[in-house]
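Going by the numbering used here, the first residue of the sequence shown is number 857, and it counts up by one from there.
A short write-up of the structure that comes next.
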Amino acid sequence: IWSISTHYNTTDRITGLLRKMSNEIIKRCQVTLNLQDIFDGRVEGVLVELQQSINCGKEWKHAYRSTCRLVQANCARKWDFSEGSIFAQVDAFVQRCCDLEEICKGQLQFAAKNRGERLPEFGGTRSQEILKS
């Protein structure tokens, strides 16, 4: 596109196109994520979707960098775009997915009651050990 197109041969236009692609990737990943499942404690499936979303964002960035290297090697006109302007939203989305992933893992660890498992008992001033003595 960069070397052939008469429309997308400017920095502003190709950067705008790449930004639109980033936003579309985010939208498609968001559709797969169900926050209500997280709130209801059904996090096993959400963890898979979060990991796929994280991988998708990272792969998009990797594909961009690979394309940059190819353009640098094969085109007279070089790509010197600001990655921040293209990937700011993707990076923020990936970070939010990582944060949600951490929350889901915490739910798996600490919300065993939802899965029918017995929660650990911690002693205190009214624990069974004190009542026995």
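No residue lacks a Cβ here, since even glycine has one placed at the ideal position from N, Cα and C.
With contacts defined as CB atoms closer than 8 Å, Cys912 and Cys931 fail to qualify as a contacting pair.
In the DSSP assignment, Cys960 falls within the unbroken alpha helix (DSSP H) covering 939-966. Here Gln928 is exposed: its Cβ has fewer than 16 other Cβ atoms, across all protein chains shown, within 10 Å. For the pair Cys924 and Trp916, the CB atoms are not nearer than the 8 Å cut-off. Separation of Arg875 and Gly940 (C-alpha to C-alpha, rounded to the nearest whole angstrom) is 10 Å. If you compare the alpha carbons of Val902, Gln963, Gly897, Ala944 with that of Ile882, the shortest gap goes to Ala944.
If you compare the alpha carbons of Ile910, Gln963, Gln965, His918 with that of Arg952, the shortest gap goes to Ile910. Apart from sequence neighbours up to five positions away, the residues of its chain that approach Tyr920 with a beta-carbon distance below 8 Å are Leu874, Glu939, Ile942, Phe943, ordered along the chain.
With a minimum length of 4 residues, the unbroken runs of alpha helix (DSSP H) contained wholly in the segment 884-948 fall at 891-895, 900-930. Phe937 sits close to Thr871, with the two beta carbons spaced by under 8 Å.
Around the CB of Val904, fewer than 16 other CB atoms lie within 10 Å, so the residue is classed as exposed. In this structure, Glu957 places its C-beta atom within 8 Å of the C-beta atom of Gln907. Under the three-state reduction of DSSP output, Ile860 falls in the coil class, being neither helix nor strand.
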